[in-house]
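Here's the structure, in structure tokens; my notes come after.
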Amino acid sequence: MIISLIGYMGSGKSHISKILSEKLNFKLIDLDKEISRRNKLTIPEIFEQKGEIYFRKLERETLEEILASEENVVLSLGGGTPVYYNNMEIINHNSKSVFLRTSVATLAERLSKQKDKRPLIANISEEDLPEFIAKHLFERNQFYSKAQFSIGTDSREPEDIVQEIIEKLYL
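The sequence shown lines up with residues 2 to 172 when you count with this note's numbering.
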């Protein structure tokens, strides 16, 4: 089984996937880290040097390869991955997809502390951040909502979220 975690940046995909993979004794693959490793460049460097279209092509190829060749994996996807090409259909066809649903207020609170690590929001003011997130989330929710499972993450402990994922997948 492959479990794909999707959601907006700051929704907890990296943290939840780590706990989930340990609990299930599954391999953990972070799609962005895998793309970086294979290309020997960070994601911001790929964007800067080659552009977003090139990155999205790499992302698609890497996603397809992982979904076709791996078993017993928790796959943490980038926030934009489900939005491009027909990635969401491929994700749903080849894995169990879980949308980590997080409110704009929670995302803004989390992301305001991580702006220096997030190129997409690095130059957005503190006061404009909630509006930016709300607009972006509105655009992406049509893709995120296609996930097979949706789990709310606001005000919840990561272990509780992981337990709910396991219950939904195995019942």
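Idealized CB from N, CA, C, for every residue including glycine.
Contact check, Gln164 vs Lys97, beta carbons under 9 Å: Not in contact: Gln164 and Lys97 (Cβ atoms no closer than 9 Å).
Classification of Tyr1 by the beta-carbon crowding that lies within 10 angstroms, buried from 16 upward: In this structure the chain extends from 2 to 172, so residue 1 is not present and cannot be described.
Three-state secondary structure assigned by DSSP to Lys24: Here DSSP, grouped into helix, strand and coil, assigns Lys24 to helix.
Counted within 10 angstroms of its Cβ, other Cβ atoms place Gly11 as buried (16 or more) or exposed: Around the CB of Gly11, 16 or more other CB atoms lie within 10 Å, so the residue is classed as buried.
Cβ separation of Val75 and Ser18, assumed to be a contact under 8 Å, to the nearest whole Å: About 5 Å separates the CB atoms of Val75 and Ser18; that is less than 8 Å, so the two are in contact.
For Asp31: DSSP bridge partner residues: Assignment of beta-bridge partners to Asp31 by DSSP yields Ser77.
Limits of the alpha helix (DSSP H) - the one that Arg157 falls within: Here Arg157 belongs to no alpha helix (DSSP H), and DSSP marks it neither H nor E.
Endpoints, the beta strand (DSSP E) within which Val99 is located: For Val99, the enclosing beta strand (DSSP E) starts and ends at 97-102.
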